[in-house]
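Read left to right, the sequence shown gives residues 887 to 1380 (this note's numbering). Glycine residues also receive a C-beta, built at the ideal position from the N, C-alpha and C atoms. Since we're looking at a predicted model, the values are computed, not measured.
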Amino acid sequence: MARRVMSIWLPRLPLDRRVRRQDPRVDGVFAITREIKNAKRLTHISDAGIKAGLVAGMSAADARALCPELLTEPADPVREEALLRALRRWADRLSPWGALDGLDGLAIDISGCAHLYGGEKAMRTEAMGQLADMQIRSQMAIADTQGAAWALARYGHDDMIAGAGQTAKSVHSLPVEALRIEPAIAISLRRVGLDHIGSLSRMKSADLAKRYGLAFSQRLAKVLGHIPDPVAPMAADPVFAARMNLPDPIGLQGDVQAVLDRLSTSVCTRLEKACMGARGYALTVRCVDTGDHVLRVGFARPTRDQIVLIRQFEKPLSDLRMKFGADWFRLIAESVEPLVPVQRHISGKDDVEDGLDIVISALGNRLGFDRVRRFVPRDSHIPEREFADVDAVSAPMVEAWPKPERPRPLRLFRPERLRTLEAGRPPKKFAWRGANYETRMSDGPERLSPEWWQPRAEPVRDYWRVQTGEGPRLWLMSHPASTPPEWFVAGRFP
């Protein structure tokens, strides 16, 4: 049986991803940018942008000069790869023998599969129709070799299906760039008049290898089918999901909890067998009258604990209103990561971390994970830069903060100006926040110079630890260069 390969090219995948999420900006002059040679350049352009004269490779500055209404967004390789891997799983309906082909395509060995669709042409039409239904634009070609199918999908103009044994004829008129070679080699070939693949096929492979390298001659031989170029299959990413279809709708909270219990048992068991965990779970509830409702919960770190999972779904399920009930449920694990068993620490530190993760997960599901923050130490001698406010989910667990060389207040304020009642260094009497204070003891000054690498120059500061007669221990700050001296309260000691 002759080997047949289908190449699927997704030339506008980053734009299609935004179309699928209903991003209205794609309908206007919109483009995706990527950092290329120390400059932001356009890589994918919307239809309106192409009509406005924008082209791929143009710098963002030149593009905005040409089209001031241009909207841009940086490329997101992680999400684009996730969509491409999801499409690899979709391609299993065409053939189980498929793989990713670069960052914008799929290669599928369809040998012995096309008759299930009524032939190769019908198979190609069906696949393109399914991708169009998902709002994904594509170009597909079928040939005897992987290289020929790749070349026809990207550079072919007429029939994208090369007949069996017609590989050399089908790629004869394609440009040399269709061989997937380096731009420098393509320019060198054109300089000597070798513009098309057909002009190369008449030359001896030894001469080509001597002039342009062995890899180039092998690439040409693979495209023409002189040496094997099989599709190296890759398994589709596993999906940890479970669904339940009921004969009659249910609407009681206890019944829905029972369904979730069964679904979570299935999903968590599969995750445990695969030594995986998930940072998020999505429960789809299909109501009879209002359609699908997607409930999502997240976690501070990957988990497969069924009890914790069910507890986090209690609030979203209690807010769901099902007037006529629901009859279809699906639970899927999202953001799956390896989760191997670890040895518990005898000091009980693991229990503290687990408790903190539970708190972060509960707050994140109620308030939003972007609103849950924590402080982490940072290397700086400037008080307000000795810590950073970061995302609680991604921040590492800090076992112990470094001990400062000099005492620091428990509460740090934005410097608040005080009113001097009796001058001194520090003031002998002063007013702050509507109360008068008298300095009994003081320790200082602690002089801090600005960080020289910061772009904005800051004045030198002097800090004093002051014990007041009224009780509070304050941290006073002044700028020694100011005349008259200005004093501020920068913090309060316990």
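Check whether the Cβ atoms of residue i and residue j sit closer than 8 Å, and answer yes or no.
i, j, result
"ARG1351", "ARG1359", "yes"
"GLU1220", "GLY1166", "yes"
"VAL891", "ALA1029", "yes"
"LEU1304", "GLY1377", "no"
"HIS1082", "LEU1060", "yes"
"ALA946", "LYS926", "yes"
"ALA1095", "SER1087", "no"
"ASP1039", "SER1056", "Per the sequence shown, residue 1039 should be read as Ala rather than Asp. Not closer than 8 Å, so no."
"GLU1272", "PRO1263", "yes"
"ILE1047", "LEU896", "no"
"ILE996", "ILE894", "no"
"PRO1312", "SER1328", "yes"
"LEU1225", "ARG1190", "yes"
"LEU1307", "ALA1317", "yes"
In angstroms with no decimal places, state the Cα-to-Cα distance between residue i and residue j.
i, j, result
"ALA917", "SER932", "6 Å"
"PRO900", "ALA968", "11 Å"
"VAL1125", "THR1170", "15 Å"
"VAL1238", "PHE1185", "Here VAL1238 scores only 49 on pLDDT, less than 50, and its place in the model should not be relied on; the value that follows carries that caveat. Using only the alpha carbons, I get a separation of about 16 Å."
"ARG1319", "VAL1183", "44 Å"
"ASP1175", "PHE1215", "15 Å"
"GLN1192", "ASP1134", "26 Å"
"ILE1071", "PRO1114", "23 Å"
"VAL1117", "GLY939", "38 Å"
"THR1369", "ALA1309", "13 Å"
"TRP1338", "ARG1259", "29 Å"
"THR1325", "MET1363", "14 Å"
"LEU1017", "THR919", "24 Å"
"TRP1361", "LEU1334", "14 Å"
"ARG1129", "ASN924", "48 Å"
"ALA862", "VAL964", "The structure shown does not extend to residue 862, since the chain is modelled only from 887 to 1380, so the question has no answer here."
"ARG971", "LEU989", "10 Å"
"VAL1153", "VAL1222", "12 Å"
"TYR1003", "MET1162", "37 Å"
"ARG1300", "LEU956", "40 Å"
"ARG1292", "ASP1265", "15 Å"
"ARG889", "ASP1123", "26 Å"
"ASP962", "LEU1249", "28 Å"
"ASP987", "ALA1054", "22 Å"
"GLN1353", "ASP1243", "39 Å"
"ALA1160", "LEU1195", "18 Å"
"ILE1067", "ALA1000", "30 Å"
Taking 7 Å as the cut-off, is the CB of residue i close to at least one heavy atom of the ligand GDP?
i, result
"GLY988", "No copy of the ligand GDP appears in this structure; indeed no ligand is present at all."
What are the boundary residues of the alpha helix (DSSP H) that includes residue i?
i, result
"CYS1154", "1139-1159"
"PRO1202", "1192-1205"
"ALA1107", "1100-1110"
"THR1053", "1053-1056"
"SER1074", "1069-1077"
"GLY1005", "Where GLY1005 is concerned, there is no enclosing alpha helix (DSSP H), given that its DSSP letter is neither H nor E."
"ARG950", "946-952"
Could you spell out where the beta strand (DSSP E) holding residue i opens and where it closes?
i, result
"GLN1025", "1025-1029"
"LEU1307", "1305-1308"
"LYS1315", "1315-1318"
"TRP1385", "It is not possible to answer for residue 1385, since the shown part of the chain is limited to 887 through 1380."
"ASP1348", "1347-1354"
"ALA1127", "1127-1136"
What is the C-beta distance between residue i and residue j, in whole angstroms, given that I count them as a contact (C-beta under 8 Å)?
i, j, result
"PHE1379", "PRO1295", "5 Å"
"LEU1203", "LEU1181", "7 Å"
"GLY1430", "VAL915", "No answer is possible for residue 1430: the residues shown for the chain start at 887 and end at 1380."
Taking 8 Å as the CB-CB cut-off, is residue i touching chain C?
i, result
"ARG1303", "In the structure shown, chain C cannot be found, because there is only a single protein chain."
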